[in-house]
Amino acid sequence: MSDRERTAPGIPTPGRCPYQTTGRTQPDPCIDYLHLRSDEPVRWDEDLGVWLVTGFQEATELLRHPQLSSAWPERGRTPLHASDTNRTSELVRKWFMFTDDPVHAEARRVVAPLFTARSLARLRPFVEQTVDELLAPQREALDVIADLAAPLSSRVICRIIGLPQEVAPRLAVWAPDIAALLVADYLPEVVTRGHSALREVTTAVDQALNGEVPEDSGLWLLREAQRRGVIASEDVWATASLLIYAGFETTSTFIGKAVRAALHAGAWDAVRKAEPRMSVDELLRFDTSVQQVARFATRPVTVAGKRIAPGDLVLIMLGAANRDPAVFEDPNLLDTDRRIGRHLTFGYGVHYCLGAALARLEAEVTLERLAARWSAMELSGAPTTRSHHGITVLEHLVVHRRTEGERI
Ligand code: HEM
3 MSDRERTAPG
13 IPTPGRCPYQ
23 TTGRTQPDPC
33 IDYLHLRSDE
43 PVRWDEDLGV
53 WLVTGFQEAT
63 ELLRHPQLSS
73 AWPERGRTPL
83 HASDTNRTSE
93 LVRKWFMFTD
103 DPVHAEARRV
113 VAPLFTARSL
123 ARLRPFVEQT
133 VDELLAPQRE
143 ALDVIADLAA
153 PLSSRVICRI
163 IGLPQEVAPR
173 LAVWAPDIAA
183 LLVADYLPEV
193 VTRGHSALRE
203 VTTAVDQALN
213 GEVPEDSGLW
223 LLREAQRRGV
233 IASEDVWATA
243 SLLIYAGFET
253 TSTFIGKAVR
263 AALHAGAWDA
273 VRKAEPRMSV
283 DELLRFDTSV
293 QQVARFATRP
303 VTVAGKRIAP
313 GDLVLIMLGA
323 ANRDPAVFED
333 PNLLDTDRRI
343 GRHLTFGYGV
353 HYCLGAALAR
363 LEAEVTLERL
373 AARWSAMELS
383 GAPTTRSHHG
393 ITVLEHLVVH
403 RRTEGERI
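Residue numbering for the sequence shown follows the working numbering, beginning at 3 and increasing consecutively.
Rendered as structure tokens:
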């Protein structure tokens with residue numbers, strides 16, 4: 003038994019999954035799913051009426067399975083969503099994330115140039131400058147989300163889409179309201195707010211298109227594609243709103259989770275010293291912001307001896323699969339030296355996260371620069387979180403500088 007394993011129960015154990023202790027952090031969805039994987043990597047959940055997939059190999063197989071569809075609304079269907087009051091926006095249904103090939107591939111191709119290595123190399127100075135600016139004020143306490151990760155992520159999204167930077171603070175309002183619409187469109191208040199957020203997005207897009215659109219920005223690419231007849235005019239709004247939804251809170255939450263996990267597991271020093279690419283991948287594996295993705299079966303699918311029937315909803319639990327001991331040795335250990343062949347944090351297959359390299363870039367720059375300025379720090383308390391299916395969004399995560407003699 004290692005020293006780590008000998009630590010008394012209830013005391014945060016260095017390197018261990020922080021959510022398995024009773025420390026000062028809040029529980030994470032991850033903890034709810036981890037136990038599911040133990041006996042059955044694919045199981046039918048009677049209460050939810052869905053398949054839960056928690057094994058890494060099984061999740062990989064299903065994420066690239068041609069008979070599992072991403073199409074909306076079916077993939078978001080529950081007894082509540084099936085009611086007559088279903089009012090999910092038409093615009094959301096057009097998101098290419100919620101379509102299957104070939105429609106999906108065509109729409110994805112339009113904005114893919116935003117995320118090439120060349121585009122990201124051009125974007126890097128903007129990311130570095132923004133992080134430096136956000137970290138410049140001298141302070142003893144820092145809200146990793148509100149002071150750093152959220153403004154960074156929103157400014158980067160505006161930059162790549164081609165929206166003016168003044169719009170960036172609005173993303174903190176739009177993203178939650180659109181996210182709520184995706185999961186609770188049976189609540190009138192949610193519908194009102196979600197539609198209002200989408201209207202604001204389309205207005206901001208139209209205003210930007212009426213001005214000088216930066217060359218090679220998302221709006222520039224979308225407008226060109228519309229002119230060529232590759233996409234319809236509503237697809238410009240749809241893809242802009244998709245990029246806001248998919249790229250903003252996922253990234254800010256991941257940066258917050260990375261700091262939280264490293265501090266709580268006593269691994270901040272290790273993260274500071276590790277090769278950024280490796281530590282970011284391990285932090286992504288360890289506690290991802292997107293815990294699950296949904297699919298529905300169009301034909302019978304057999305996996306791990308289970309038969310998924312046509313029409314069944316399948317939840318692929320990325321966070322639990324990333325802790326599969328069959329693939330990752332000692333999976334609940336945060337090990338910044340771990341050599342990871344592949345994790346499922348950004349999904350797999352044709353819907354693999356389009357912004358994965360951008361999210362990595364933002365996280366690497368932020369962690370590097372934060373570590374340089376905040377070499378010794380502590381969590382000031384539990385974060386403020388907002389839950390919605392698949393993503394526990396971090397809204398506030400306050401840290402303070404650790405002074406000599408303070409407990410780590
Ligand atoms: C740490 C941050 C991020 C995480 C954990 C994450 C995670 C994911 C996951 C799991 C998927 C697959 C969804 C599925 O299979 O149904 C996905 C798709 C997607 N992500 Fe990300 N994402 C992140 C950041 C970003 C960023 C920064 C952007 C862009 C600005 C972005 C844009 C997208 C888009 C457009 C898709 C849809 C891809 C498709 O359907 O082809 N993501 N993301």
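Glycine is no exception: its CB is placed at the ideal position from the N, C-alpha and C atoms. Computed from a predicted structure; not experimentally measured.
- The beta carbon of S377 is closer than 8 Å to those of R274 in its chain, skipping five residues each way along the sequence.
- For V129, the uninterrupted alpha helix (DSSP H) run begins and ends at A119 to L137, by DSSP.
- With respect to I163, L173 sits apart: the two C-beta atoms are not nearer than 8 Å.
- When distances are taken from the beta-carbon of A119 to the heavy atoms of the ligand HEM, even the shortest one reaches 7 Å or more.
- Per DSSP, reduced to three states, the secondary structure at E380 is strand.
- With respect to the 8 Å criterion, L396 and F117 are not classified as neighbours on the basis of their beta carbons.
- Secondary structure at L315: strand, using DSSP grouped into helix, strand and coil.
- In this structure, T338 has its beta carbon at no less than 7 Å from each heavy atom of the ligand HEM.
- The Cβ-Cβ distance between H106 and V352 falls below 8 Å.
- The beta carbon of V192 is closer than 7 Å to those of A182, L183 and A186 in its chain, skipping five residues each way along the sequence.
- With a cut-off of 8 Å on Cβ pairs, the stretch 92-104 is in contact with the stretch 58-75, counting three or more such pairs.
- Taking the C-beta atoms as reference points, V305 is found nearer than 8 Å to E60.
- T56 sits close to A323, with the two beta carbons spaced by under 8 Å.
- With contacts defined by Cβ atoms closer than 8 Å, L346 and T62 form a contacting pair.
- Within a 10 Å sphere around the beta-carbon of P333 sit 16 or more other beta-carbons, which makes this residue buried.
- By a beta-carbon distance limit of 8 Å, A177 contacts E251. Their separation comes to about 5 Å.
- Here the alpha carbons of G307 and L144 stand approximately 50 Å from one another.
- Relative to R262, the option among P385, G357, L315 and L211 whose CA is nearest is P385.
- Within the same chain, V129, E130 and V133 come within 6 Å of V367 by CB-CB distance, once the 5 residues on both sides are set aside.
- The Cβ-Cβ distance between A138 and I257 does not fall below 8 Å.
- Here L184 is not bridged, per DSSP, to any residue.
- Sequence-distant Cβ neighbours of V52 in its own chain, meaning closer than 6 Å and more than five residues away, are L315 and L317.
- The C-alpha of S254 is placed about 20 Å away from the C-alpha of G220.
- Under the three-state reduction of DSSP, D271 is assigned to helix.
- When beta bridges are read from the DSSP output, A296 appears opposite L317.
- Using a Cβ distance threshold of 8 Å, V295 and L265 do not count as a contacting pair.
- Burial state of R120 is exposed, judged by a 10 Å Cβ sphere holding fewer than 16 other Cβ atoms.
- Under the three-state reduction of DSSP, L265 is assigned to helix.
- Judged by their CB atoms, A114 and L356 are nearer to each other than the 8 Å cut-off.
- Across the set E168, R341 and E236, the C-alpha of R341 shows the shortest separation from the C-alpha of D283.
- Counting along the chain, the unbroken beta strand (DSSP E) around D47 starts and ends at V44 to D47.
- Secondary structure of H106 (DSSP, three-state): helix.
- Residue pairing from DSSP leaves L245 without any beta-bridge partner.
- Scanning the stretch 200-252 for uninterrupted alpha helix (DSSP H) segments of 4 residues or longer gives 220-229, listed from N- to C-terminal end.
- When DSSP states are grouped into helix, strand and coil, S72 belongs to the coil group.
- By the neighbour-count criterion, in which a residue is buried when 16 or more other Cβ atoms sit within 10 angstroms of its Cβ, Q293 is buried.
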